[in-house]
Structures are given as structure tokens and as C-alpha cells.
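Trainee: Quick one: the structure is below, and I'll ask about it shortly.
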Amino acid sequence: MVGKKKYKIESIPNYLKDYAHDLTMLRLEATKGRYTSSYNKRTGIKESVLLGSVEKDYYTEYVGILGELVTRRHYDVDPDYSGFKVSAYIKSKENVSKDTDLIAYKNGEPIKISIKSGERSFKANKHSMDKEDADIVVFIIFLSADEYLVRTWTTEEVKRFELKGGHSQYYYRNLPQTIRDTYDFNGKNNEGVLPRRQSILAFCRKKIRAVLFQ
Numbered sequence: 002m003v004g005k006k007k008y009k010i011e012s013i014p015n016y017l018k019d020y021a022h023d024l025t026m027l028r029l030e031a032t033k034g035r036y037t038s039s040y041n042k043r044t045g046i047k048e049s050v051l052l053g054s055v056e057k058d059y060y061t062e063y064v065g066i067l068g069e070l071v072t073r074r075h076y077d078v079d080p081d082y083s084g085f086k087v088s089a090y091i092k093s094k095e096n097v098s099k100d101t102d103l104i105a106y107k108n109g110e111p112i113k114i115s116i117k118s119g120e121r122s123f124k125a126n127k128h129s130m131d132k133e134d135a136d137i138v139v140f141i142i143f144l145s146a147d148e149y150l151v152r153t154w155t156t157e158e159v160k161r162f163e164l165k166g167g168h169s170q171y172y173y174r175n176l177p178q179t180i181r182d183t184y185d186f187n188g189k190n191n192e193g194v195l196p197r198r199q200s201i202l203a204f205c206r207k208k209i210r211a212v213l214f215q
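Numbering of the sequence shown is given in this note's numbering, commencing with residue 2 and proceeding in unit increments.
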């Protein structure tokens, strides 16, 4: 994955979805009561292309965990890497610190990797990115309940993205137009879509892989 600066669409393994759910529930329980201010609380409902209508606190944890799991899997099955080091998902308040999401080892050399997960666009919090010391940033963008887009940039390249937001600024980059034209980002995971439209979407996705991402 490192150095392969192209867009790539992958399927989400079902076992990772189940594992991400398990970890999310454990993490929500472990952090219950940790965020007491209204600023840190994530309340309300999120319309997600990955999960449908879901509570924001669950969505935030789940998307981050699943993004890390699929990234770990890439380095687990890539023979160019001898291994990787990661931080635990569940920590006590005393053990919480700013850790590199993942450190992969290639030819004995460590490569620091920051993982950003989300939907609909590439986003990275400016405050966090400005302090980031990772060698590369891996973006995992969920396109539907079953697929995600992966793309890597260096930290400096991400800092050249468009800057948006007011009080909480973030670096922003839109998805390629072909992706936006093909995938349904209305937050309903294509539920209720006519079979003919589903076939057209599947055909277009195959074309994208064949033309844009190879």
C-alpha cells in the first residue's frame, strides 16, 4: 500500500465488520463517562453510506476501527512487509496517548502510517495533521455497506489539500467524479434501489476498476 499512489476499490471482509462491531461496543463501554462536556459528546443520528441510520458515537468509533482493521489486513497479506506494530484499541484513561496508528516494517525499516477513515470525501483535522509525524497517510473511504476506496498521500501532500471549516478546520479533497457519479451517497446503502439500477451501478464499478484504478 505504501507508495502506491492510486485509487483502489476493495471489498470489506465480513469477518472484519463483525470484529469492528465487537470492538466498538467494548470501546464505547470502556469510555463511558470519559467525555462529559457537550463539545466532546457525539450525540444524534448519522446517515451513513456504510451503516445506514446510526447513532453518532457508534458511527465514529466503528468507522475508525473498521478503517484501521482493513488497513492492518493490507499489510498482513502484503509480502513486501515483514510485520507491523499497532496500538491497542481499548485503553484505560491513564494509558491514552498520541500514538502512530500503525508502523509497518519493510526491509527492516519502519514506516509510520496515519489512518483516516470516513465517507464521501477525504478529510483530515488540521490541528492533528499539523502535529502529524507519519511518513504517509492512508485514507479509507467507505463507498457502500460492502466496499471502500483506499488512497495514500504523504503528510505534506495532505497539508496541501483545500482548507475548510471555521472553529475546527480540516484539510479536504473531493472524491474523483467517476466515483461520485457511480456510488449512491444518500446514506441508505442503496436500499430500495431498483434491480436495474443496481445492475447498472455494478457494471459501472467494474468499468471504474478496469479503466481508472489499474
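We treat Cβ as the ideally placed atom computed from N, Cα and C, and that holds for glycine.
State the DSSP-derived secondary structure class of V50, mapped to helix, strand or coil.
Mentor: Here residue 50 refers to the residue found at position 49 of the sequence shown. Here V50 sits in coil by DSSP.
Trainee: Do you know how far the Cα of I114 is from the Cα of D100?
Mentor: Taking the sequence shown and counting its residues from 1, the one referred to as residue 100 is at position 99. Taking the sequence shown and counting its residues from 1, the one referred to as residue 114 is at position 113. Each residue's alpha carbon lies about 10 Å from the other.
Trainee: Note down, in chain order, each residue of its chain lying with its Cβ closer than 8 Å to the Cβ of I180, except the 5 sequence neighbours on either side.
Mentor: Taking the first residue of the sequence shown as position 1, residue 180 is located at position 179. Excluding positions up to five away in sequence, the list reads Y8, L144, L150, I209.
Trainee: What are the boundary residues of the beta strand (DSSP E) that includes G68?
Mentor: Against the sequence shown, residue 68 aligns to sequence position 67. It is not in any beta strand (DSSP E) - G68 instead sits in the alpha helix (DSSP H) that spans 57-78.
Trainee: Just to confirm my understanding: we take A135, look at its own chain, exclude 5 residues before and 5 after, and list those with CB closer than 7 Å. What are they?
Mentor: Numbered from 1 along the sequence shown, position 134 holds the residue referred to as residue 135. If you ignore the 5 residues before and after A135, its C-beta comes within less than 7 Å of the C-beta of T101, K113, I114, S115, T156, all in its own chain and listed in chain order.
Trainee: Taking the continuous alpha helix (DSSP H) assigned at I13, which residues delimit it?
Mentor: Counting from one through the sequence shown, the residue named residue 13 turns up at place 12. Run containing I13: none; DSSP gives neither H nor E here.
Trainee: Could you please give me the residues that DSSP links to K143 through a beta bridge?
Mentor: As a first step, residue 143 is located in the sequence shown; it is residue number 142 there, counting from the start. Checking the sequence, you will find Phe at residue 143 rather than Lys. In the DSSP secondary-structure assignment, F143 is bridged to E120, Y149.
Trainee: For F123, decide whether its Cβ has a neighbour in chain B, counting only Cβ atoms nearer than 7 Å.
Mentor: The structure shown contains no chain B; it is built from a single protein chain.
Trainee: Applying the 10 Å Cβ sphere with the 16-neighbour rule, what's the burial state of Q199?
Mentor: Taking the sequence shown and counting its residues from 1, one reaches residue 199 at position 198. Note on Q199: pLDDT 42, under 50, position unreliable in the model; no value is reported.
Trainee: So who's on the other strand from N126, going by DSSP bridges?
Mentor: Here the question's residue 126 lines up with position 125 in the sequence shown. Y171, per the DSSP bridge assignment.
Trainee: Using 8 Å as the Cβ pair cut-off and three pairs as the minimum, do the stretch 74-90 and the stretch 49-59 touch?
Mentor: Counting Cβ pairs under 8 Å, fewer than three are found: no touch.
Trainee: Going by alpha carbons, who is nearest to V50 out of T25, G119, A89, Y16?
Mentor: Taking the sequence shown and counting its residues from 1, one reaches residue 50 at position 49. For V50, the closest alpha carbon among the candidates T25, G119, A89, Y16 is that of G119.
Trainee: Identify the residues that DSSP records as bridge partners of F85: which are they?
Mentor: Translated into positions along the sequence shown, residue 85 becomes position 84. DSSP lists A105 as partners of F85.
Trainee: Helix or strand or just coil, what does DSSP make of T156?
Mentor: Position 155 of the sequence shown, counted from the start, is the residue given in the question as residue 156. Residue state, collapsed to three classes: helix.
Trainee: Would you call M26 buried or exposed, if buried means 16 or more other Cβ atoms sit within 10 Å of its Cβ?
Mentor: As a working note, residue 26 is residue 25 in the sequence shown. Classification of M26: exposed, given that the 10 Å Cβ count is below 16.
Trainee: Helix or strand or just coil, what does DSSP make of S39?
Mentor: In the sequence shown, residue 39 corresponds to position 38, counting from 1. For S39, the pLDDT reaches just 44, beneath the cut-off of 50, and the residue's location in the model is therefore unreliable, although a value from the coordinates is still provided. The answer is coil: DSSP assigns S39 none of H, G, I, E or B.
Trainee: To the nearest angstrom, how far is the alpha carbon of D23 from that of P177?
Mentor: Here residue 23 refers to the residue found at position 22 of the sequence shown. Here residue 177 refers to the residue found at position 176 of the sequence shown. Approximately 33 Å, taken between the alpha carbons.
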